[in-house]
Structure formats: C-alpha cells, structure tokens
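Trainee: Numbering-wise (our numbering), the sequence shown opens with residue 1 and increments by one.
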Amino acid sequence: MRTLEAPKVRQVSVAGRGPAGARPARTLALMLILLGLPVFGASAQETEMPEGALIKSVDVSGSDLNLLSPKLRDDINALVGERLHRERLDALAMRIEAENPDVVATVRTLVQPDGQVRVTFFLERISDARDLMLNINARYTVESVEISGISERKVSRQLRDDLQSLVGTRLDSDEAKRLEKWLAAELPDYRVTRHIARGSQPGRIRVVFEVGQREEPWIPFRPSRSKLVYHADQKWSGVLDISNGGRRHRATVGFVFSNGDDLIEDYSGFRVRLESRELVTERLGASLEVSRLRQTWHPDTLAALAADPRIPEAYRERLTVEPTVTFAFSPHVRITAGASVSELESLSRSPESQKANAVVASIAYDQRWKQRRVDSQNLAASYEWRSATSELDSDLVYTRHVGQVDYQYERGKSAVIAGLAVGRITGRAPLFERFSLGDSSTLRGWNKFDIAPTGGDRMFHQSLEYRYRHIAWFLDTGSVWDPDAEMKVRFSTGFGYHTDNTFLTVGFPLNASEVTATFMMGVRF
Numbered sequence: 001m002r003t004l005e006a007p008k009v010r011q012v013s014v015a016g017r018g019p020a021g022a023r024p025a026r027t028l029a030l031m032l033i034l035l036g037l038p039v040f041g042a043s044a045q046e047t048e049m050p051e052g053a054l055i056k057s058v059d060v061s062g063s064d065l066n067l068l069s070p071k072l073r074d075d076i077n078a079l080v081g082e083r084l085h086r087e088r089l090d091a092l093a094m095r096i097e098a099e100n101p102d103v104v105a106t107v108r109t110l111v112q113p114d115g116q117v118r119v120t121f122f123l124e125r126i127s128d129a130r131d132l133m134l135n136i137n138a139r140y141t142v143e144s145v146e147i148s149g150i151s152e153r154k155v156s157r158q159l160r161d162d163l164q165s166l167v168g169t170r171l172d173s174d175e176a177k178r179l180e181k182w183l184a185a186e187l188p189d190y191r192v193t194r195h196i197a198r199g200s201q202p203g204r205i206r207v208v209f210e211v212g213q214r215e216e217p218w219i220p221f222r223p224s225r226s227k228l229v230y231h232a233d234q235k236w237s238g239v240l241d242i243s244n245g246g247r248r249h250r251a252t253v254g255f256v257f258s259n260g261d262d263l264i265e266d267y268s269g270f271r272v273r274l275e276s277r278e279l280v281t282e283r284l285g286a287s288l289e290v291s292r293l294r295q296t297w298h299p300d301t302l303a304a305l306a307a308d309p310r311i312p313e314a315y316r317e318r319l320t321v322e323p324t325v326t327f328a329f330s331p332h333v334r335i336t337a338g339a340s341v342s343e344l345e346s347l348s349r350s351p352e353s354q355k356a357n358a359v360v361a362s363i364a365y366d367q368r369w370k371q372r373r374v375d376s377q378n379l380a381a382s383y384e385w386r387s388a389t390s391e392l393d394s395d396l397v398y399t400r401h402v403g404q405v406d407y408q409y410e411r412g413k414s415a416v417i418a419g420l421a422v423g424r425i426t427g428r429a430p431l432f433e434r435f436s437l438g439d440s441s442t443l444r445g446w447n448k449f450d451i452a453p454t455g456g457d458r459m460f461h462q463s464l465e466y467r468y469r470h471i472a473w474f475l476d477t478g479s480v481w482d483p484d485a486e487m488k489v490r491f492s493t494g495f496g497y498h499t500d501n502t503f504l505t506v507g508f509p510l511n512a513s514e515v516t517a518t519f520m521m522g523v524r525f
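1. Exposed or buried, what is Leu30 when buried is set at 16 or more other beta-carbons lying within 10 Å of its beta-carbon?
2. From the DSSP secondary-structure annotation, give me the bridge partner or partners of Glu124.
3. Nearest-angstrom Cα distance between Ile96 and Leu72?
4. Work out the CA separation of Tyr230 and Leu437 for me, nearest whole Å.
5. DSSP three-state call for Ser513: helix, strand or coil?
6. Measure the CB-CB distance between Val341 and Lys355 and report whether it falls below 9 Å.
7. Determine the burial state of Arg411: buried for a count of at least 16 other Cβ atoms within 10 Å of its Cβ, exposed for fewer.
8. Should the stretch 354-370 be called in touch with the stretch 381-389, which here means at least 3 C-beta pairs below 8 Å?
9. What separation, rounded to the nearest whole angstrom, lies between the Cα atoms of Leu420 and Asp457?
10. Would you call Pro299 buried or exposed, if buried means 16 or more other Cβ atoms sit within 10 Å of its Cβ?
11. Which residue from Asp375, Thr109 and Glu317 puts its Cα closest to that of Arg349?
12. For Met94, which three-state DSSP category applies?
13. For Ile205, count the other beta carbons within 10 Å of its own beta carbon; 16 or more makes it buried, fewer makes it exposed. Which is it?
14. Look at the Cβ atom of Leu183, then the Cβ atom of Ile147, and state whether they are nearer than 9 Å.
15. Where does the unbroken beta strand (DSSP E) through Thr326 begin, and where does it stop?
16. Specify whether the stretch 231-239 and the stretch 160-170 touch according to this definition: at least 3 beta carbon pairs, one from each stretch, less than 8 Å apart.
17. Does DSSP put Trp297 in a helix, in a strand, or in coil?
18. By Cβ distance, which residues of its chain are closer than 6 Å to Gln408, with the 5 residues on each side in sequence left out?
19. Taking only three categories from DSSP, how would you classify Lys413?
20. Hey, how far is the Cα of Thr399 from the Cα of Phe432?
21. What is the rounded straight-line gap between the Cα of Lys488 and the Cα of Glu265?
22. Answer yes if the stretch 466-483 comes into contact with the stretch 491-500, meaning at least three C-beta pairs across the two stretches below 8 Å, and no otherwise.
23. Please report the distance separating the alpha-carbon of Ala286 from that of Ile335.
24. Helix or strand or just coil, what does DSSP make of Asn501?
25. Could you tell me if Gly511 is buried or exposed, where buried requires 16 or more neighbouring beta carbons within 10 angstroms of its beta carbon?
26. Output yes or no for whether 9 Å exceeds the beta carbon distance between Arg294 and Tyr267.
27. Quick one, which of Arg178, Glu186, Ala78 and Ile196 has its alpha-carbon nearest Arg153's?
28. On the CB-based measure, 16 or more other CB atoms within 10 Å of its CB, does Arg273 come out buried or exposed?
29. Tell me whether Asn259 sits in a helix, a strand or coil according to DSSP, three-state version.
30. Let me make sure I understand the geometry here. Which of Ile219, Glu289 and Val397 has the alpha-carbon closest to that of Ser330?
31. Residues in its own chain within less than 8 Å of Phe508 by CB, not counting five upstream and five downstream?
32. Take the Cβ of Arg83 as the centre, count every other Cβ of all protein chains shown within 10 Å, and call the residue buried at 16 or more, exposed below.
33. Thr426 and Ile311 - do their beta-carbons sit closer together than 9 Å?
34. Which of the three DSSP states is assigned to Phe525 in this structure?
35. Threshold first: 3 residues or longer. Then list the beta strand (DSSP E) segments lying entirely within the stretch 216-292, N to C.
36. I need the boundaries of the alpha helix (DSSP H) containing Trp182, first residue and last residue.
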C-alpha cells in the first residue's frame, strides 16, 4: 500500500506486480476490502454514505494513480476535509471510468471512531484473473443482459426470460455460467462467450453473451429437408424434420406428407437419421438413415409405364436403409462411402417386391469467402456415384452418376445465384433414382409430367437468378431424356419474391406450345 500525504489521495496497491510472496497478502487485502471487513480499525464500520460527514482521507485502490489525469487526481485530492456528498463521489467515479473504459469504479465509505469518513475508490479491470473477477463482479448490480452476434429470435423465449431475470440483481456467477451453457446448447453451431462490461452508472455492469460462428466443422450435418411447398400443377408437398443433439452427434426424425415436389413419385411416410460428424477425430463421421415411404402415382406416369415395359415397374412402398462413412480432407473437401439397400413392394403384384441394393460414393467441396463487409461468395460442388449389382443381391442393376455445382455472389442488397447439374444412368434404375425436372426448383414454369412422366436416364439443368432486395428474376434451362429418345432443351423464366428460405414465384415456359403462368410458393426450413 502506498499512502500519499494528506490532502493527497492514498493508493492501495493491490493490482501491481511484486515479489511472489507478496501476492497472497495482496489478494487477501483485496478480498478483505471486497467483503467489507473492519481492517482499518477495531471500531470502524462500513455504512451507507453518511451525507454531510467530514472526509478524513481518500484512497484509490486497484489501479496506478498515474493512469488518472492530473486534473482528476487534483479533484479527488480536494475531497479531503470536505463534507461528503454522494453525487460528487459518483461523478468522480464516472470520470474515472470515462478515462479508463476497461475499469469499473465503485465508491465505498468507512466511518471512523471519531465520526469522520474514509472514502475508497475501488478500481478493477474487468479482464483481470477469472477467480478474482468473479468475486469482484458479484459486488455489482447487473444493469442489462445482452446477446451479441445473432438475432435474439434464434433463442427460446424461456432462455431469454431467464437471461433478463439477472437484471437488477447482484451478479451470480454460477447462474450466469448455467445460462451460458444453456445458450451454447441451443446454438450448437456457434461459439458462446460471456463478457462483463461497465454500465452507465458506477457500481453497475452489463453482462454480454457474445455469439460468433465457430470454426467450420470438417463434416457438416445433413441440411434439414423441412419444407411446405405449393405448385399449381403438383399441389402441396410437406416435409418436417425434427432434430435433436449437440455439436457432434444428432438424431433426426422426419415426416413426409404427400411430397410430390422432388421426385417423379408422390410419397408419404417417415425416416430416422442418426449421424455423427466427429468419431474420434473431426475428420471422420458416420450416418445411418432408415426410411419407409408409401407411394402414389400420377395417371400420366402409370400410362407411360404401361406403354414402355423397359422401365422398372411402379411400387407401393419403399423401405430403405442407408449407412455411410465420411472422411474429411479439410473443412472444405470430404468423401463419403456406404451402401443403399432398398426393398420395393410391387404396386400390381403385392406383396412381391424387388431389391435395389447399391454401393454409394461421393465427393463434395464447399467454400465461402467474405471479401469485404458487403461482399460474399459461396461455392459448392459435388459428385455422387451409385452402383447396384447382382453381387449385392440387387434385382435392379444400374449405375447412376450426378454432378452439381452451385455458386452465389452477394454484394450489398444484390445477389447472383447460378447452378448447374448433370446426370447419367446406365442399366435399369428404379423410379426414385430416375431424373426429373419441372418442379418448384427446376425448370420453374414447366410441369414435370408434361416433360417426362416417368423421368429419364439423362439430365442436365442450369439456372441463373438475380435478386435485388429479395425481388428475383430467373432463367432456367434443362432437359431430361432417355438414350433412345430425342433430347429437347426447354427454357423457362419468371420472377418473384425470394429469400434463402421462402419463395413466391411465377414461372413461364418459354418454348412450350402454349405459354401459361405457373404459380409456386413455399418455405424451406
């Protein structure tokens, strides 16, 4: 402790460095001050600020006086011999904090046996050692609780209410830690850290939960397939995925309600998916998906199947088990290998069935660049290979290749989105493996049953879209065909209101015999 001669300010030197043996004594002295123990005299006692009492001495504890401006030091010195006025002390504490933004200043008074008052300005850096900081922070009243980095709407109502319950109370470090863990559990893809900042008044602090993006996982979870989509020709389609888990492991139960949007079949049912993106190492992951789906068929599809016996028959129900293992070379490049085992119950010869058992493999690349504050680019590319052979006890023998590239560039309120997909099948693939175009995301404006009611073994599709303030214009080009049939390229265009998750679209086929508008809307989440 360094004492300045009256009427100068006295500094209690607890934050400085010294011999190792002095540290415990300094820490003890600080703890005694925090606890308000009567270390300054047998009869001295800390009370509420006694307005009008004579100030005998002034101490500054926890900081080097040289960090304070000469004018501020002089004003603190001037307190000695003056009558105590709380507003004056609070004003000085606020000036200390203004000159030292990383410091919280608290004013404490100690009544001496002679009735005079000793005033202590207790200063503490918020970034000091954690154990010491917890004791210090517990002395302050929480002025506000903030979540920084994301919209609070991403956090459950109950958690938001519990966070706000801290306001107006002394900081309980255990409760704050519990809420920090709860927030991290609700946001497994984010990094959550808790910071303390000084409040707008002396003796008050702000609790800030800072939420930031974690380092990209090397193996991402499968994106949600949840959606509610309407297409003027294909009507409503619904999928709901309900996921539960943490950052490493997740289980998903999916329910499908008459989904006619993405395949040539209309299917309903359920699926269960278990996945881990970190097995021993972040480079290795695995998944297992089991699905049971029941099909209904468009009349045009059944008529086309009856006219072409080379295409595998329609089925009433599809049961699929698909285990896979993924290895990541980096957070941006990964390969996946596994199997897909399907049993297809015949629509016309039930309970007879066919098997479609395939080896599957894929490679994927994705990258995101944020060049400037308002510029960003996303690139994703993938190739998948599936091969069903008689050696796998498969009744349907085929090989399927599909490659896809998607690119998105955003600048300010504008965005350009481009996509390219190509596919090829050899052999006799089941209907759920055949390619289809003309839905809410491909050849928008066409009806897939007018293009290829049974799908095709060859496919290419490209799309270009421009958005400004979510108002979108697009141009789609594509074709789906069989090797012995003529390839016909189709075009469509349209406009709408598009965000990353929702769309309201009007599409027009450009080279159809009759140009009619097709309305589509939906949400994917």
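Every residue, glycine too, gets a C-beta built ideally from N, C-alpha and C.
Mentor: Well, looking at it:
1. Because Leu30 carries a pLDDT of 44, less than 50, the predicted location of this residue cannot be relied on, and the following value inherits that uncertainty. Looking at its Cβ environment, which holds 16 or more other Cβ atoms inside 10 Å, Leu30 is buried.
2. Val104
3. 8 Å
4. Roughly 16 Å separates the two Cα atoms.
5. coil
6. yes
7. Around the beta carbon of Arg411, a 10 Å sphere encloses fewer than 16 other beta carbons of the protein chains shown; the residue is thus reported as exposed.
8. yes
9. 17 Å
10. exposed
11. Glu317
12. helix
13. Its Cβ being crowded by 16 or more others within 10 Å, Ile205 is buried.
14. yes
15. Tyr315 to Ala328
16. no
17. Looking at Trp297 - three-state DSSP - the assignment turns out to be coil, as it is neither helix nor strand.
18. Asn378 and Ile417, listed in sequence order.
19. coil
20. The alpha-carbon atoms of Thr399 and Phe432 are separated by roughly 13 Å.
21. Those two C-alpha atoms are separated by around 22 Å.
22. A contact is defined here as three or more CB-CB pairs under 8 Å, and the stretch 491-500 meets this definition with respect to the stretch 466-483.
23. 11 Å
24. coil
25. Checking the displayed sequence, the identity of residue 511 turns out to be Asn instead of Gly. Exposed is the call here.
26. yes
27. Glu186
28. Buried, by the Cβ-count rule.
29. strand
30. Ile219
31. Gly445, Ser492, Thr493, Gly494, Val515, Thr516, Ala517 and Thr518
32. exposed
33. no
34. coil
35. 227-231, 235-245, 249-259 and 266-276
36. Ser173 to Glu186
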